[in-house]
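Here the structure is laid out as structure tokens; the discussion comes afterwards.
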Amino acid sequence: MLQARGTPLDLAIFLEASEPTIAFRMAHRLTCSRCGKVVSIGRHVQSASERCPNCGGKLEVRSDDNHAALALRLEEFRKKSLPLIDFYSERGLLAKVDANQETDRVFEQISRLIQE
Ligand SMILES: [Zn+2]
């Protein structure tokens, strides 16, 4: 599809994060009920009782941000998305980024990969 559009895929980035990292971030993630901005407790706000830094809306926990849902989402990821790692790797298109790092470091590395 991308080739037909004249924009072939030349890079696939795999953000590798451990399950504890994913669980921690999920537990600290809130979504604004008004504008949809996603924020993290400890990064964008200090507690869940604060208002959205973007629009002042109420911040809420996503209904599927719980441990049972996370287990299902990780299982789904292993079945459907993990095989893509080999697919892109075999074609020389895969780059991996350690997503356990601070988000600013992850962003820097993604930016560098895109520029290279
Ligand atoms: Zn908002």
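In this text, residue positions in the sequence shown follow this note's numbering: the first is 130, and each later residue adds one. Glycine included, each C-beta is placed from N, C-alpha and C at the ideal position. Since we're looking at a predicted model, the values are computed, not measured.
Within the same chain, show all residues whose beta-carbon is closer than 6 Å to that of residue i, passing over the 5 residues directly before and after it, in chain order.
| i | result |
| --- | --- |
| residue 191 | 160 |
Could you round the C-beta distance between residue i and residue j to whole angstroms and report it? I think they count as a contact, below 8 Å.
| i | j | result |
| --- | --- | --- |
| residue 140 | residue 242 | 6 Å |
| residue 210 | residue 187 | Contact flag wrong, Cβ pair sits at about 32 Å. |
| residue 145 | residue 228 | 6 Å |
| residue 116 | residue 182 | Lying before the first or after the last residue shown, residue 116 is absent from the chain, which here runs from 130 to 245. |
Which two residues bound the contiguous beta strand (DSSP E) that contains residue i?
| i | result |
| --- | --- |
| residue 240 | Where residue 240 is concerned, there is no enclosing beta strand (DSSP E), although the alpha helix (DSSP H) it sits in stretches over 232-244. |
| residue 158 | 158-161 |
Only counting the same chain, and skipping five residues up and downstream in sequence, which positions put a Cβ closer than 8 Å to that of residue i?
| i | result |
| --- | --- |
| residue 137 | 131 |
Tell me, which residues are paired with residue i by DSSP?
| i | result |
| --- | --- |
| residue 141 | 223 |
| residue 180 | 187 |
| residue 169 | 158 |
Could you name each continuous alpha helix (DSSP H) segment of 4 residues or more that falls completely within the region 182-219, going from the start of the chain to the end?
Counting whole runs of 4 or more residues, the region 182-219 contains the alpha helix (DSSP H) stretches 196-209 and 212-219.
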